[in-house]
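Numbering (the working numbering), first residue to last: 714 to 1005. Glycine included, C-beta positions come from ideal geometry on N, C-alpha and C.
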Ligand SMILES: CC(C)(COP(=O)(O)OP(=O)(O)OC[C@H]1O[C@@H](n2cnc3c(N)ncnc32)[C@H](O)[C@@H]1OP(=O)(O)O)[C@@H](O)C(=O)NCCC(=O)NCCS
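What follows is the structure in structure tokens.
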């Protein structure tokens, strides 16, 4: 058994990683890397035996602008051990190794653990925290329509696709807790243009999904700051609720309710380092499209 790391551009090792991610989480990295969306901020640490990856923990370099201050965090992800090798201490060894590697050169280490694995992270001395989830107050859902309505971006429109990709790179900070190096993860979720909409007059993209009669507004991508009211006025049809997948800008806070959020049925937020206590204290919400 050998430890290998940071090999995403090596086809043979990447394919071995893909095999375990498909088996464990039903996805792989192939299209993301060959499509040019991987930019080096995803760093796998894996045990390999006879050409097969049997356990992995990945470090994601995350640079945020957090209430105007730049913070460098590491988000752990793709934590997995092949079923045949579980219970031998492999995943916990890899986590300790990655934590030791990065803890003195970043502002904190965190991850979103699924509910089944929460006990595993507690054993590894991660602290459990809460975020704050934001939804638009009812009175701001009916501001009236103005400007050009958001229209779905056609996945076959290569010019618009390119424009979206460029905009992701150059977007202004549109939240109080914005991932600056968002290109890789944002495109991991949206390279196929699913749920991407564009409003021409303000040259703004949003990523949004219907939730019953409401909307989950996951991301705002715009060269200039786009206010929440300007976005809501351009959303077609009636929406009865709007949940945000990000922390609103200070000037839009008044339009939103904030609620303490432990991850519900989906995940728990675990962290190391006092700096990340700021997430709960300052009522922050990690961008929905920044989860590794
Ligand atoms: C969670 C997972 C990565 C653990 O891998 P592993 O290599 O078997 O873990 P380890 O052998 O290092 O376990 C370390 C300790 O955690 C415990 N542990 C492992 N999985 C656990 C779980 N789901 N809940 C509680 N404790 C757990 C082990 O019993 C062991 O305890 P011990 O030190 O007292 O003996 C593995 O079960 C897995 O791949 N699960 C499916 C994918 C997944 O859910 N990943 C987490 C995504 S957030």
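- The residue among 732, 889, 979 with its C-alpha nearest the C-alpha of residue 997 is 889.
- Looking at the DSSP output, residue 781 bridges to nothing.
- When the five nearest sequence neighbours on each side are left out, the beta carbons in the same chain lying within less than 6 angstroms of the beta carbon of residue 831 are those of 981, in order along the chain.
- Not one heavy atom of ligand 1 is found less than 6 angstroms from the C-beta of residue 983.
- Ordered by chain, the residues meeting the criterion of a beta-carbon within less than 6 angstroms of a non-hydrogen atom of ligand 1 are 737, 768, 792, 793, 794, 799, 800, 801, 802, 803, 804, 805, 826, 827, 829, 830, 832, 833, 836.
- Within the same chain, 822, 985 come within 8 angstroms of residue 812 by CB-CB distance, once the 5 residues on both sides are set aside.
- Restricted to the region 872 to 946, the beta strand (DSSP E) segments that are unbroken, complete and at least 3 residues in length are 890 to 892, 909 to 912, 917 to 924, 927 to 935, listed in chain order.
- The alpha-carbon separation between residue 872 and residue 878 amounts to approximately 10 angstroms.
- Residue 839 is not a Cβ neighbour of residue 948, given a cutoff of 7 angstroms.
- DSSP places residue 990 in no beta strand (DSSP E); its state is neither H nor E.
- At least 7 angstroms separates the beta-carbon of residue 820 from that of residue 922.
- The three-state secondary structure of residue 968, taken from DSSP, is helix.
- Our two residues, residue 845 and residue 742, have alpha carbons roughly 30 angstroms apart in a direct line.
- Per the coordinates, the alpha-carbon of residue 966 lies some 16 angstroms from the alpha-carbon of residue 994.
- The C-beta of residue 738 has fewer than 16 other C-beta atoms within 10 Å across all chains shown, which makes the residue exposed.
- Taking the C-beta atoms as reference points, residue 714 is found nearer than 7 angstroms to residue 760.
- Beta-bridge analysis with DSSP links residue 716 to 760.
- Rounded to the nearest angstrom, the Cβ distance from residue 892 to residue 1000 is 5 angstroms, consistent with a contact under 8 angstroms.
- In the DSSP assignment, residue 957 falls within the beta strand (DSSP E) that extends over 955 to 957.
- The alpha-carbon of residue 796 is positioned some 18 angstroms away from that of residue 828.
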